[in-house]
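Colleague: One structure is given below, represented as structure tokens, and several questions about it will come after.
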Amino acid sequence: MNKLIVKCCVVIILAGILSVMVIYGRDDVDVLERDKVTLVEKYFSPSDSNVAVGIKTKKQITVENKDGAECAMEFSNKKIFEVNCDKYLDFTIGDKVIITYKEDRLIRLGKK
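Count along the sequence shown from 1, add 292, and you get the number used in the numbering used here.
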């Protein structure tokens, strides 16, 4: 009988700890958004300028040129992300892709 009471107390304490961890752990989780989209436009920045020009539309946008991101891509969900030109060179306009992003920062880009 004594062992049963000890086991029940341990289970109750562990359940309490688990519930506290779940409640406080939810607040720290960063929400990543994931979309299946089509690549609509690619923008290139000639010679380290802050203005990138679209390949198809010739539209000009401002880029920040931070972290080696000299280019930008626009997707069918109307989002434009700055990317590294060399890393995403094999993506072409019209490709169906899956993007993972947080706020205005692209986390991952993959072909469908």
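Ideal placement from N, C-alpha and C gives every residue a C-beta, glycine not left out. Computed from a predicted model, the values in this text were never measured in an experiment.
Using only the alpha-carbon positions, how far apart do residue 355 and residue 315 sit?
Modeller: C-alpha separation (whole angstroms): 39 Å.
Colleague: Using a Cβ cut-off of 8 Å (strictly closer), state whether residue 387 contacts chain D.
Modeller: Considering every chain present, this structure includes no chain D. It has just one protein chain.
Colleague: For residue 385 versus residue 332, is the C-beta spacing smaller than 8 Å?
Modeller: Contact flag set, yes.
Colleague: Could you give the C-beta distance for residue 324 and residue 391, rounded to a whole number, given that I count them as a contact under 8 Å?
Modeller: Rounded, the Cβ-Cβ distance is 10 Å, inconsistent with contact.
Colleague: Smallest Cα separation from residue 330: which of 313, 362, 300 and 369?
Modeller: Nearest option by C-alpha distance: 369.
Colleague: Alpha carbon to alpha carbon, what distance is there between residue 353 and residue 373?
Modeller: Using only the alpha carbons, I get a separation of about 11 Å.
Colleague: How would you label residue 363, buried or exposed, when you count the other beta carbons within 10 angstroms and need 16 or more for buried?
Modeller: Label assigned to residue 363: buried.
Colleague: One question on the structure: do residue 388 and residue 328 come within less than 8 Å of each other, judged by their Cβ atoms?
Modeller: Yes; because the gap between Cβ atoms is below 8 Å, this pair is in contact.
Colleague: For residue 377, name the three-state secondary structure that DSSP assigns.
Modeller: Coil.
Colleague: Extract the residue ranges of the alpha helix (DSSP H) inside the stretch 330-370, only unbroken runs of 4 or more that lie entirely within it.
Modeller: Correct list: empty.
Colleague: If you drop the 5 nearest sequence neighbours on each side, which residues of the same chain put their C-beta closer than 6 Å to that of residue 366?
Modeller: These residues qualify, in order along the chain: 332, 333 and 372.
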